[in-house]
């Protein structure tokens with residue numbers, strides 16, 4: 001604690017376009033729906049309708065695919081304060097990257113996310129949901145901070161730490 005993790009992240013992001021920086025902080029109640037998105041009720045013409053509400057990962061993903069020539073950052077503060085396996089779910093597979101910076105192992109998007117991305121992405125950015133698969137683009141950078149000395153938090157397995 002207090003060793004300058006967030007300050008270092010700020011240095012890395014200095015001069016970057018704020019529209020391309022997406023931030024979140026993990027905590028014990030954080031989950032996949034909080035990270036990716038889920039259906040939520042909303043009022044439309046006096047009736048309750050349900051719509052997919054994207055969260056930080058999905059917003060960064062869309063931004064990166066829509067703006068391939070710009071660096072997009074997803075900053076996760078205190079990553080070990082949340083249950084990473086639960087939060088990332090199958091997105092974990094996307095973290096392995098090829099030499100060109102794209103995901104080694106695309107994954108099948110669940111129907112809700114795939115439907116949302118079909119409408120959110122346009123033109124060439126539709127490659128971000130090609131054949132229903134997700135693949136991180138090379139311009140999406142994920143930066144995470146963690147406190148390795150705090151043992152009261154969720155343990156992070158070595159496979160996750162490597163990525």
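Numbering (the numbering used here), first residue to last: 1 to 163.
The beta carbon of each residue, even a glycine, is placed where N, CA and C say it ideally should be.
Just so it is clear, the structure is predicted and the values come from calculations on it, not from any experiment.
Under the three-state reduction of DSSP output, residue 144 falls in the strand class.
The shortest CA-to-CA distance from residue 22 to any of 41, 59, 96, 51 is the one to 59.
In the three-state DSSP reduction, residue 113 falls in the helix class (H, G or I). Boundaries around residue 66 are those of the alpha helix (DSSP H), 56–66, since no beta strand (DSSP E) includes it. Secondary-structure assignment with DSSP links residue 40 through a beta bridge to 51. Residue 77: member of the beta strand (DSSP E) spanning 72–77, first to last residue. Exposed is the label assigned to residue 12, since fewer than 16 other Cβ atoms lie within 10 Å of its Cβ. For residue 136, the secondary structure class from DSSP, reduced to helix, strand or coil, is coil.
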